[in-house]
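Participant: Counting with our numbering, you get residues 475 to 1222 for the letters of the sequence shown.
One structure is given below, represented as structure tokens, and several questions about it will come after.
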Amino acid sequence: MNLSKYMAKPDKTLREHTNELLVQLDILKGLGYIKDDKIYELSRVACEYHDYGKVNRYFQERVTGKRKKFSADIEIGHNILSVMFLDEGEYKKEDFMVLYNAILNHHNYVNNIEVLENEEELIEDNLEGFEDNIFEPYEDLAELKDYIDKETKELILVKGFLHRCDYSASAQGELEVEYKNDFLDKSLNGLLSKWIVDWEARGRKKEKPSWNKLQEYCKKNTDKNLIVIAQTGMGKTEAGLHWIGNNKGFFVLPLRTAINAIYERIIKEILDNKGIEETIALSHSDSLIHYLENNKKAKKENREEIRVMDYYSQTRNYAQPLSITTPDQIFDFVFKYPSYEMKATILSYSKIVIDEIQMYSPDLLSYLIYGLHRINKLGGKFCILTATLAPFIKDFIVDKVGPVFQDATFVDDSRRHHLKVIENELDVKLIKKNYEKYGKKILIVCNTIRKAQEVYNNLRYLNDGIATDEEKVVNLLHSKYTKEDRNKKEKKIIKFGDTANIDNGIWVATQVVEASLDIDFDYLYTELSDINGLFQRLGRCNRKGVKSVDKVNCYIYTNIGSRSLKTSSNSRGFIYEEIYNLSKDLLLEKFKESRIITEKEKVDIINRTFTTENIKGKGSFYSDFVNSYNLVENLYPGEMDKGKVKRVFRNILSKSVIPKDVYEINKVSIKEKLREIEESKNYLEKMQKIEWIKKFSVSLQLYEIDKYNEKIKLGKYEELEIADILYDKEYGVRKKPKSGIEQESNIF
């Protein structure tokens, strides 16, 4: 059939579009991302036939402007029609079902098989004139459905490669399907060379820079799945990058602040701010605004700017060889939403580094592990790099993923932390006394926002007489500030927490500072959450290990209040009671007197405490973990839509809103921007204006919002609501509006 006679788009023939898919497929093959010749050949057939159904007269009338829209009364989806052109006699049975599934469901799963069964006359009408080119529908569609539910490697990869090529070829302006990774090994070697040059310039006073044992280990075992425990400050970022090497790679971290910091560090120190668009991507929900801000900085510093929308489009297409990302951006594929195979296929030829896996709740942890199971089966590789890892997690990985990894531990007897465990609530008076006596950089970590605000309020008098916000002695950081305010605070704490910064001051914070932030304080005062979280928090104090530990530098308070504890699967707390009790009992036993703890002892404590035997059957943590795993394991392809997946995966019932008082202060400017958005024809300009409005928003749990005052429409499908909540720039969201509710879950 001559596809050049038919249009796929108003400006492109069906033959041209199909050829573009085949070109993209060959690029993937050339990069070594399609290793199996059979998968490649089946994918070529799927790419060739996927849009044959567009030859029907109704589609041709629409694409040429003679008809306005799809009408279900007379028209069948082109993906359903396309399978009619596939000759069953040319293929082995299982290969044919793989192709049939890929083509039939390359847009969605909803009712496609039922349409084939029940709309025979309509299908014949749509394909009138093509009787010599089509074949009978597959006779046993129930068997086909059963085969699809098996989710074989061939089913996933062939459909995934079809999606990958079609998405890249169909995007506006067309997208690169993949950029080649030929830079990372070279760039890492360049980084080491810069360190050596700097060492020589400083008179060679210290040992010559080189990659340490952890980094060399990851470099030598780049072809294996790894689980590596390494103490804070050992250079896990460089180790993970060495393990990825010149391959497709994802660096996954739990906190957006840490992701932004690592992204900035890589483009500055490793890439020298060059070739950014074709090498590295930042993948989280605020990527676009981060790119826009980076361009402003680049302009001021007279360095290369990025083409923001092209870069953002390629980021969403996962075309860059290295992505720094949150887990929800890539591991949502475990919910098997329609077209999930594209993401699963990308990960099948990728190497995934997971940093600080212990940060995740039981459900997110189970989704992550199920994702590793699927990735391993499809051919991808994983490397878990973490400061601490509970043995029961490793046991679960062995049980579900298999003994498919090798593990190593890199800790020593270095002494960075002198602990004092206090069986009481956090003592603000002691903090005041010590600060007024010694000064220094103090970090206070609370388990809840309300507690952090209370502690800050008791210390804020130290700011009296301070001229500017930058000069504040006491600062507060948690998750419930507007985007604009939180962004400023995050930048400020990173600057203040630099080891080279010798200013005195106090930061009161929540879990948002717990992992992967390169900040260094002299003293830590913290509430106990659990041992894993505690050891992460310790990593923010004396991070480089060069300060004296003759005196106590870390104070741990074990009394945290019952409202924070999760006593069952349905309770509102966020710290599992059994985990907390294990942690508290151990600390009170091991640290009856204040003493130094070594890095090796931290690992030994985790290994002895959080065993499967100690966790299983002792509370709801392990059962929540297992139940969440079973949920995703037993889902059928297409059972969940992507909108629901987004909410479930993040484990929150939350929404972004603008606090009423923030809106009232900025109402005139917001309304002017809304008018400009409506009138603007330029997509980037619209997005910039939308992001400008969103900087006034804050993400809240639904139970924290009493009522909405009004809605503002940001675009055709997006709204932002004005919520009746109290907010100020100093404290953030002040209190929950529903009287009598004292819930503290997930409020970091």
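Cβ coordinates follow ideal geometry from the N, Cα and C atoms, glycine included.
Using beta-carbon positions only, say whether ASN585 and ASN579 come within less than 8 Å of one another.
Facilitator: Cβ distance not < 8 Å, so ASN585 and ASN579 don't count as in contact.
Participant: When DSSP labels each residue in this structure, what does THR487 get in the three-state scheme?
Facilitator: The answer is strand: DSSP assigns THR487 an E or B state.
Participant: In angstroms, rounded to a whole number, what distance separates the CA positions of GLU591 and ASP614?
Facilitator: Straight-line Cα distance between these residues: approximately 10 Å.
Participant: Under the three-state reduction of DSSP, which class applies to LEU1056: helix, strand or coil?
Facilitator: Looking at LEU1056 - three-state DSSP - the assignment turns out to be helix.
Participant: Could you tell me the alpha carbon to alpha carbon distance between PHE604 and SER797, rounded to whole angstroms?
Facilitator: Computed Cα separation, rounded: 45 Å.
Participant: Using only alpha-carbon positions, find the residue among GLY853, VAL808, ASN1156 and VAL1131 that is nearest to ILE843.
Facilitator: Among GLY853, VAL808, ASN1156 and VAL1131, the Cα nearest to that of ILE843 belongs to VAL808.
Participant: Going by Cα to Cα distance, which pick from ASP806, TRP981 and HIS758 is closest to THR799?
Facilitator: Of the candidates ASP806, TRP981 and HIS758, the one whose C-alpha sits nearest the C-alpha of THR799 is HIS758.
Participant: When the Cα atoms are used, what is the spatial distance from TRP685 to LEU666?
Facilitator: If I take the Cα positions, the gap works out to 8 Å.
Participant: Looking only at its chain, what residues have a beta carbon closer than 6 Å to the beta carbon of TYR1205, apart from the 5 residues adjacent to it on each side?
Facilitator: For TYR1205, where only same-chain residues beyond five positions count, the Cβ hits under 6 Å are GLN927.
Participant: Taking contact to mean 3 or more Cβ pairs, one atom from each stretch, closer than 8 Å, check whether the stretch 655-669 and the stretch 710-725 are in contact.
Facilitator: With a cut-off of 8 Å, the stretch 710-725 and the stretch 655-669 count as touching, because enough Cβ pairs lie within range.
Participant: Can you give me the C-alpha to C-alpha distance between LYS1118 and TYR841, rounded to a whole angstrom?
Facilitator: Cα-Cα distance, rounded: 15 Å.
Participant: Is ALA675 helix, strand or coil when you go by DSSP?
Facilitator: The answer is helix: DSSP assigns ALA675 an H, G or I state.
Participant: Between which two residues does the beta strand (DSSP E) holding HIS892 run?
Facilitator: HIS892 -> beta strand (DSSP E) spans 889-896.
Participant: Output the boundary residues of the alpha helix (DSSP H) element that contains ASN768.
Facilitator: Unbroken alpha helix (DSSP H) run through ASN768: 761-774.
Participant: Between LYS1074 and ASP887, how many whole angstroms is the CB-CB distance? I'm expecting something under 8 Å.
Facilitator: Indeed, because the Cβ distance is near 5 Å, the residues count as touching under 8 Å.
Participant: Under 8 Å, do ILE993 and ARG1014 count as touching if we go by C-beta distance?
Facilitator: Yes.
Participant: How many angstroms separate the CA atom of TYR1031 from the CA atom of VAL929?
Facilitator: Taking the straight line from one Cα to the other gives about 14 Å.
Participant: Using only the alpha-carbon positions, how far apart do GLN788 and GLU752 sit?
Facilitator: Going from the Cα of GLN788 to the Cα of GLU752 covers about 9 Å.
Participant: Run through the stretch 525-555 for me and flag every whole alpha helix (DSSP H) of 4 or more residues, listed as ranges in chain order.
Facilitator: Runs found: 531-537.
Participant: Which same chain residues, not among the five before or five after HIS581, have their C-beta less than 6 Å away from its C-beta?
Facilitator: Correct list, in chain order: ASN553.
Participant: What is the DSSP secondary structure of GLN1010, reduced to helix, strand or coil?
Facilitator: Of the three classes helix, strand and coil, the one that applies to GLN1010 here is helix, per DSSP.
Participant: Would you decide whether ARG676 is buried or exposed? Buried here means 16 or more other CB atoms lie within 10 Å of its CB.
Facilitator: When all chains shown are included, ARG676 counts as exposed.
Participant: Taking a contact to mean a Cβ-Cβ separation below 8 Å, would you say LYS868 touches ILE701 in this structure?
Facilitator: Yes, the pair counts as a contact, with Cβ atoms nearer than the cut-off.
Participant: As a quick exercise: from GLY854, TRP981, LEU1060 and LEU838, pick the residue whose alpha carbon is nearest that of ASP697.
Facilitator: Comparing Cα-Cα distances from ASP697 to each of GLY854, TRP981, LEU1060 and LEU838, the minimum goes to GLY854.
Participant: Considering only the beta carbon of each residue, do VAL982 and CYS920 sit closer than 8 Å?
Facilitator: Result yes, Cβ atoms of VAL982 and CYS920 sit closer than 8 Å.
Participant: What number of angstroms, rounded off, separates the C-alpha of TYR792 from the C-alpha of PHE1009?
Facilitator: About 34 Å.
Participant: Determine the direct distance from the alpha carbon of SER824 to that of LYS710, and round the result to whole angstroms.
Facilitator: Each residue's alpha carbon lies about 19 Å from the other.
Participant: Less than 8 Å between the C-beta atoms of SER1003 and SER1043, yes or no?
Facilitator: Not a contact, by the Cβ cut-off of 8 Å.
Participant: Starting from the N-terminal side, write out each stretch of the alpha helix (DSSP H) that is 4 residues or longer and does not extend beyond the stretch 583-656.
Facilitator: For the stretch 583-656, whole alpha helix (DSSP H) runs of length 4 or above, ordered along the chain, are 586-592, 594-600, 615-623 and 627-644.
Participant: Taking the C-alpha atoms as reference points, what is the distance between ASP1202 and ASP1135?
Facilitator: The straight-line gap from Cα to Cα measures roughly 8 Å.
Participant: Taking the CB atoms as reference points, tell me whether GLU1228 and PHE609 lie closer together than 8 Å.
Facilitator: Not covered by the structure: residue 1228. The range shown for the chain is 475 to 1222.
Participant: Using beta-carbon positions only, say whether PHE1234 and SER1036 come within less than 8 Å of one another.
Facilitator: The displayed coordinates of the chain run from 475 to 1222. Any statement about residue 1234 would go beyond what the structure contains.
Participant: Which residues in the same chain have their Cβ closer than 6 Å to the Cβ of LEU496, if we skip the five residues on either side of it in sequence?
Facilitator: Counting only Cβ-Cβ distances below 6 Å, and skipping sequence neighbours, we find CYS521.
Participant: Please determine, among LEU766, ARG489, GLN794 and ARG790, the residue with the shortest C-alpha to C-alpha distance to ARG781.
Facilitator: Among LEU766, ARG489, GLN794 and ARG790, the Cα nearest to that of ARG781 belongs to LEU766.
Participant: Between the stretch 1072-1092 and the stretch 878-895, are three or more C-beta pairs nearer than 8 Å?
Facilitator: The stretch 1072-1092 is in contact with the stretch 878-895.
Participant: Tell me whether the beta-carbon of ALA864 lies closer than 8 Å to the beta-carbon of GLN705.
Facilitator: Taking 8 Å as the Cβ cut-off, ALA864 and GLN705 do not qualify as a contacting pair.
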